[in-house]
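The structure appears below as structure tokens.
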Amino acid sequence: MTFTCPECNTKTQTEVPVNAVNFACPNCSRLFGFNKAGESRELKKYKYESDNIVLKTGQKAKLFGKEYEVTGAIVKKVPPKYFWREYILVSKDGEKRYLSETNGHWIFLEESPDLYDVSYYPRTLTHNNIQTKLYDYASCSIVQCEGFFDFEIPSREIKMVEYINPPYVVSIEITGKDEVTYFGKHISASDVKKAFKIEHMPEKTGVGIVQPYLFDVRNMAIILSCFALLILIGHLIIYSGREETTVLSKNMNFSEFNNKDYVSDSFVLNGASAPLTIALSSDVNNSWAALQVALINESTNEEIYASKDIEYYHGYEGGESWSEGSQNEKFYICGVPQGKYHLTLTPSKPFESKQNSYINVNVKWNQPSLWNVFLPIGIMAGIVILFYFLNLFFEQQRWSESNFSPYE
820 MTFTCPECNT
830 KTQTEVPVNA
840 VNFACPNCSR
850 LFGFNKAGES
860 RELKKYKYES
870 DNIVLKTGQK
880 AKLFGKEYEV
890 TGAIVKKVPP
900 KYFWREYILV
910 SKDGEKRYLS
920 ETNGHWIFLE
930 ESPDLYDVSY
940 YPRTLTHNNI
950 QTKLYDYASC
960 SIVQCEGFFD
970 FEIPSREIKM
980 VEYINPPYVV
990 SIEITGKDEV
1000 TYFGKHISAS
1010 DVKKAFKIEH
1020 MPEKTGVGIV
1030 QPYLFDVRNM
1040 AIILSCFALL
1050 ILIGHLIIYS
1060 GREETTVLSK
1070 NMNFSEFNNK
1080 DYVSDSFVLN
1090 GASAPLTIAL
1100 SSDVNNSWAA
1110 LQVALINEST
1120 NEEIYASKDI
1130 EYYHGYEGGE
1140 SWSEGSQNEK
1150 FYICGVPQGK
1160 YHLTLTPSKP
1170 FESKQNSYIN
1180 VNVKWNQPSL
1190 WNVFLPIGIM
1200 AGIVILFYFL
1210 NLFFEQQRWS
1220 ESNFSPYE
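If you want the numbering used here, it's the position in the sequence shown, counting the first as 1, plus 819.
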């Protein structure tokens, strides 16, 4: 359909079939009506000027596998200053869909034959087996439009009742005795921009009425719980039937071994790789002691080195006693495979320290440790808790403008 505005000579056309009843000029904002003979007459001139109508009449796009053309745009307002834009999309076979945009958030809608009694504003409504919650109801008016319309643009207020279950919305519009139900789903701004090849999109602010959260926290919790269960089962399988092996237990006197090497007897480790746990203790008092360990694989001559300090200091200052460090320490050599090994130990301490006379060394292989179990489980639990509260804040933002927020 093609129409040239008789006031400003602006030509507007579309390639899809539209049985136009009204036409609004995108240039001069005049609204026209057509009689049965196709003759036009001016009905009114809109005073509101919107610079956010980004989809123009005749613009085409492919959405959800089907090509549509924009045939009209409507700007609606809820007093005092809440505006949004609705675009009518029509395919070549006459199928009609709608795009609604508010604060940069988009919803793709279609008209539904279902009618609901919402005169008493029920708090929930089930549509297409989707239970939705009452978000808000309000009266709005049309303050601007452009393009072709196969219905009369109402001059009276439109009563709107909206129910949501993100990413879905059920919007019911009542004009006089006429009632229309629309069912919609969130569509990303990037998809709209790509489909219509738009350079400049409306700025996105706040949380959209049905904008989905980035993650499904419930599914995330289920998935991570399954991983946690697998970790526990794996731990039980790995350590089932395996025994802890004491490799070395040695009380080393500094009078004999200070800064001197001690070479242990050879020992054989059998089974899958496991950590070597080295526990140290020394009677350090305002001093330190240290141990250097070398694990030598006698078959491959591979050497693994590690060291650990034991420090314990204490005193009395400013009327309060203080202490730091410990007389006991523990460290690990991880992933030690089976094989024949021996250890070289080199203890040391300050020469001026006379109190601590020994360092006790206990070395065990395959000592069961829950650290590798609870660390990843704790991290996963922390992730779920973090995203739960982020999601909670997200939902509170969504419902902040509703009189029916479940978070108040």
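Positions of the beta carbon are idealized from the N, C-alpha and C atoms, including for glycine. Treat the numbers as computed from the prediction; the structure is a model and nothing was measured.
Helix or strand or just coil, what does DSSP make of residue i?
i, result
"GLY1053", "helix"
"CYS1045", "helix"
"SER1140", "strand"
"ARG860", "strand"
"GLU1063", "coil"
"MET1039", "helix"
"GLU1220", "helix"
"PRO1094", "strand"
"VAL1026", "coil"
"VAL1103", "coil"
"LYS875", "coil"
"SER990", "strand"
"ASN1116", "strand"
"GLY852", "strand"
"SER974", "coil"
"GLY995", "coil"
"ASP936", "coil"
"LYS827", "Position check: residue 827 holds Cys in this sequence, whereas Lys was assumed. Looking at CYS827 - three-state DSSP - the assignment turns out to be coil, as it is neither helix nor strand."
"ASP912", "coil"
"PHE1034", "coil"
"ASN846", "coil"
"TYR1124", "strand"
"ASP969", "coil"
"VAL837", "coil"
"LYS1079", "coil"
At which residues does the beta strand (DSSP E) containing residue i begin and terminate?
i, result
"MET820", "First-last for MET820: undefined, no H or E at that position."
"ALA1008", "First-last for ALA1008: 1008–1015, but that is the alpha helix (DSSP H), not the beta strand (DSSP E)."
"GLU929", "924–931"
"GLU905", "901–909"
"ASN948", "From DSSP, ASN948 is part of no beta strand (DSSP E); its letter is neither H nor E."
"VAL1180", "1177–1184"
"LYS1168", "Here LYS1168 belongs to no beta strand (DSSP E), and DSSP marks it neither H nor E."
"GLU920", "915–921"
"MET979", "977–984"
"ASN1147", "1147–1155"
"ASN841", "841–843"
"LYS885", "885–897"
"VAL1087", "1086–1088"
So, for residue i: in the same chain, excluding its five sequence neighbours on each side, which residues have a beta-carbon less than 6 Å away from its beta-carbon?
i, result
"CYS827", "ASN846, CYS847"
"LYS911", "VAL835"
"THR829", "CYS844, ASN846"
"GLU1122", "ALA1113, ILE1115"
"HIS1161", "SER1083, SER1085, ILE1115"
"GLY1242", "Since the first residue shown for the chain is 820 and the last is 1227, residue 1242 is missing from the structure and cannot be characterised."
"GLY897", "The question names Gly, but residue 897 is Val in the sequence shown. Correct list, in chain order: ALA957, CYS959."
Give me, in chain order, the residues of the same chain whose beta-carbon lies closer than 7 Å to that of residue i; leave out the 5 immediate sequence neighbours on both sides.
i, result
"ASN994", "Note that residue 994 is Thr in the sequence shown here, rather than Asn. The answer, listed in chain order, is PRO973, ARG975, ILE977."
"VAL837", "MET820, THR890, VAL909, PHE967, ASP969"
"ALA839", "MET820, PHE853, PHE967, PHE968, ASP969"
"GLU1228", "Because residue 1228 is not part of the residues shown, which for the chain are 820 to 1227, the question remains open."
"VAL999", "GLU930, GLU992"
"LEU944", "TYR935, THR951, TYR982, VAL989"
"PRO1031", "PRO985, PRO986, HIS1005"
"ALA1014", "ALA880, LYS881, LEU882"
"VAL1026", "PHE1213, GLN1216, ARG1217"
"GLU1148", "LEU1099, LYS1127, ILE1129"
Measure how close the beta-carbons of residue i and residue j come, nearest whole angstrom, since I'm counting them as under 8 Å.
i, j, result
"LYS1168", "PHE1073", "6 Å"
"TYR887", "VAL909", "6 Å"
"PRO1094", "VAL1029", "Actually they do not touch by this definition, with Cβ atoms about 51 Å apart."
"LEU918", "TYR906", "4 Å"
"LEU1110", "LYS1127", "6 Å"
"ILE1152", "ALA1108", "Not confirmed; about 19 Å, so no contact."
"ARG942", "LEU928", "Incorrect: roughly 22 Å between the Cβ atoms, too far for contact."
"ALA843", "GLU971", "With 8 Å as the limit, ALA843 and GLU971 do not qualify as a contact, their Cβ atoms being about 12 Å apart."
"ILE961", "LYS863", "So it is not a contact: roughly 10 Å between Cβ atoms."
"ASN1105", "TYR1132", "5 Å"
"LYS1183", "THR1065", "5 Å"
"THR833", "THR876", "6 Å"
For the alpha helix (DSSP H) that contains residue i, what are its first and last residues?
i, result
"LEU1211", "1190–1217"
"SER1074", "1073–1076"
Could you name the residues of the same chain whose beta carbon sits closer than 8 Å to that of residue i, not counting the 5 residues immediately before and after it, in chain order?
i, result
"SER1118", "GLY1158, LYS1159"
"TYR956", "VAL937, TYR940, LYS978, MET979, VAL980, GLU981"
"TYR1177", "ASN1070, MET1071, ASN1072, PHE1073, SER1101, ASP1102"
"SER1140", "HIS1133, GLY1134"
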